[in-house]
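Visitor: Once you know that position 126 of the sequence shown is 134 in the working numbering, the rest is easy, because the numbers rise by one and skip nothing. Below you will find the structure I want to go over with you.
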Amino acid sequence: MASTGISADSHIIEPPEVFAGLEERFGDRAPRIVHEEGRGDFVFTPATGEQLGSALGGVGRLGIAGRSLDDPETDRVIRLGYAGLRPGIADPIERLKDQDLDGVAGEVLYPSLFMRFSANPDTEVLVSAIHNYNDWLHGYCSEAPDRLVGLALIPMQDPQAAELELERVIAMGYRGGAIPCSAPGHHRYHDPIYDGVWARAEEAHFPLSMHIFTQAHGALTGLEGADLFAAYASAPTMIQFTLSDLICHGVAHRFPGLRFVCAEFNTGWIANWLERLDHSLYRSRAAAPDYLDLKPSEYWRRQFHATFEDDREGVLTRDAIGAGTLLWGNDFPHHDAVWPNSRKVLDEVFDGVPDEVRRRMTVETVAGLYGLDIPS
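Written out as structure tokens, the structure reads:
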């Protein structure tokens, strides 16, 4: 049987050892795992005074793919924390079995806890923790590098540290990295302070991803103070602001070989947004940089990608978006995941769509982006 595809958006759940050594180095400033009997496991971040994921259920909530939130057993598993997670979340060999259950030939791996950790205002601790994370993830993926494609975290909160870490992870063999979906508040991404990162990533053919809910501390997202319901529903506004910055202020123009991926913002909104970008250039040409020689939508189609799980609207508007910009992901093991039913979901999403379009979005584009073998 042919594979379902390659998931361009899946996740690991960071084990406690990712935080090893931080308390010895930073004392009370160090993030740490906290277990609360009857509630589960959480990451406490002293710089913000919060437990990451406490509103959702902590570590346990991050690993309930395939379960129903209405099932009392799901709540029990969440409260177990790490102890309730599937074996494949900690063991890369067991994870391959989870891939096989879904017919998936490989996964591009994003963080879980470190998504929100990106907002930690203690930059020194953040950079050190990211170093730990990248070392651990490299070891995890080394068990099956053609099926486990980890994305290194790049600490854009400190541009000099970001350049150093980027160079280090490229040398380690990473195929791509992840940056905050919204830039630190003091420097937006078109600021020349980031040019060293853009230039090296372009030179190394190293795609940079921006995942939902990874905004940096101080980022302007338009969702400040929003509750979880409103923030989840309005999340695409975060990436729209960032993408407009990268396209309209010349980053894509100055680094034409640089590739960006927007992960888990879905895709149904993109066609309308691209139309508005192009119209804005027409209406506000005098305010736009005079060196832009393409329409915003043309920069998008040349250099940007976006992932979806079960978003049929994006597939149906693919001609306006650019079919070659769309990537499918199953989001395993998060509760949004379509695992282990990805094939059924994709059959519905691509109903009436040519097979070659489906294969392009589920296999060929992601394989080309990260230099992977194309499965049958």
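Cβ coordinates follow ideal geometry from the N, Cα and C atoms, glycine included.
Ends of the beta strand (DSSP E) at M218?
Guide: In the sequence shown, the residue the question calls residue 218 occupies position 210. Where M218 is concerned, the enclosing beta strand (DSSP E) stretches over 216-219.
Visitor: Measuring CB to CB, does I138 end up less than 8 Å from L161?
Guide: Numbered from 1 along the sequence shown, position 130 holds the residue referred to as residue 138. Numbered from 1 along the sequence shown, position 153 holds the residue referred to as residue 161. Cβ atoms of I138 and L161: closer than 8 Å.
Visitor: With a cut-off of 8 Å on the beta carbons, I'd call W336 and T370 a contact; round off their distance for me.
Guide: Position 328 of the sequence shown, counted from the first residue, corresponds to residue 336. Position 362 of the sequence shown, counted from the first residue, corresponds to residue 370. Contact flag correct, Cβ pair sits at about 5 Å.
Visitor: Identify, in the order they occur along the chain, each residue of the same chain with its Cβ nearer than 6 Å to the Cβ of H225, setting aside the five sequence neighbours on each side.
Guide: Reading the sequence shown from its first residue, position 217 is the one you call residue 225. Taken in chain order, the residues that qualify are A127, P129.
Visitor: Distance check for G66 and M9, CA to CA, integer angstroms please.
Guide: Translated into the one-based positions of the sequence shown, residue 9 becomes position 1. Translated into the one-based positions of the sequence shown, residue 66 becomes position 58. Annotation note: pLDDT 45 at M9 (below 50); position unreliable, no value reported.
Visitor: Quick one: Cα of A279 to Cα of A73, how far?
Guide: Numbered from 1 along the sequence shown, position 271 holds the residue referred to as residue 279. Numbered from 1 along the sequence shown, position 65 holds the residue referred to as residue 73. Straight-line Cα distance between these residues: approximately 30 Å.
Visitor: DSSP on S350, reduced to helix/strand/coil?
Guide: As a working note, residue 350 is residue 342 in the sequence shown. DSSP places S350 in helix when its eight states are reduced to three.
Visitor: Kindly indicate which three-state DSSP category Q59 falls into: helix, strand or coil?
Guide: Start at 1 with the first residue of the sequence shown, and residue 59 comes out as number 51. The answer is strand: DSSP assigns Q59 an E or B state.
Visitor: If I'm right that H213 touches Y118 with Cβ under 8 Å, what's the distance once you round it to whole angstroms?
Guide: The residue labelled residue 213 in the question sits at position 205 within the sequence shown. The residue labelled residue 118 in the question sits at position 110 within the sequence shown. Wrong, their Cβ atoms sit about 20 Å apart, outside the cutoff.
Visitor: Apart from the five residues just before and just after A328, which ones in its own chain have a Cβ nearer than 6 Å to its Cβ?
Guide: Numbered from 1 along the sequence shown, position 320 holds the residue referred to as residue 328. Correct list, in chain order: A279.
Visitor: With 16 as the cutoff for other CB atoms within 10 Å, does F237 come out buried or exposed?
Guide: Residue numbering aside, residue 237 sits at position 229 when the sequence shown is read from its first letter. F237 comes out exposed.
Visitor: For L266, which of S252, E211, E306, P341 has the nearest alpha-carbon?
Guide: Residue numbering aside, residue 266 sits at position 258 when the sequence shown is read from its first letter. If we check each option's Cα against that of L266, E211 comes out closest.
Visitor: Work out the CA separation of I201 and H195 for me, nearest whole Å.
Guide: For this step, residue 195 is matched to residue 187 along the sequence shown. For this step, residue 201 is matched to residue 193 along the sequence shown. Straight-line Cα distance between these residues: approximately 8 Å.
Visitor: Using a Cβ-Cβ cut-off of 7 Å (strictly less than) and excluding sequence neighbours within five positions of E364, which residues of its own chain qualify?
Guide: Here residue 364 refers to the residue found at position 356 when the sequence shown is read from its first residue. Hits under 7 Å: none found.
Visitor: Looking at C-alpha atoms only, which residue of Q59, L93, A209 is the closest neighbour of R75?
Guide: Taking the sequence shown and counting its residues from 1, one reaches residue 75 at position 67. Comparing Cα-Cα distances from R75 to each of Q59, L93, A209, the minimum goes to L93.
Visitor: Of all the options L88, A241, A191, L216, which has the alpha carbon lying nearest to the alpha carbon of D253?
Guide: Translated into positions along the sequence shown, residue 253 becomes position 245. The shortest C-alpha separation from D253 is found at A191.
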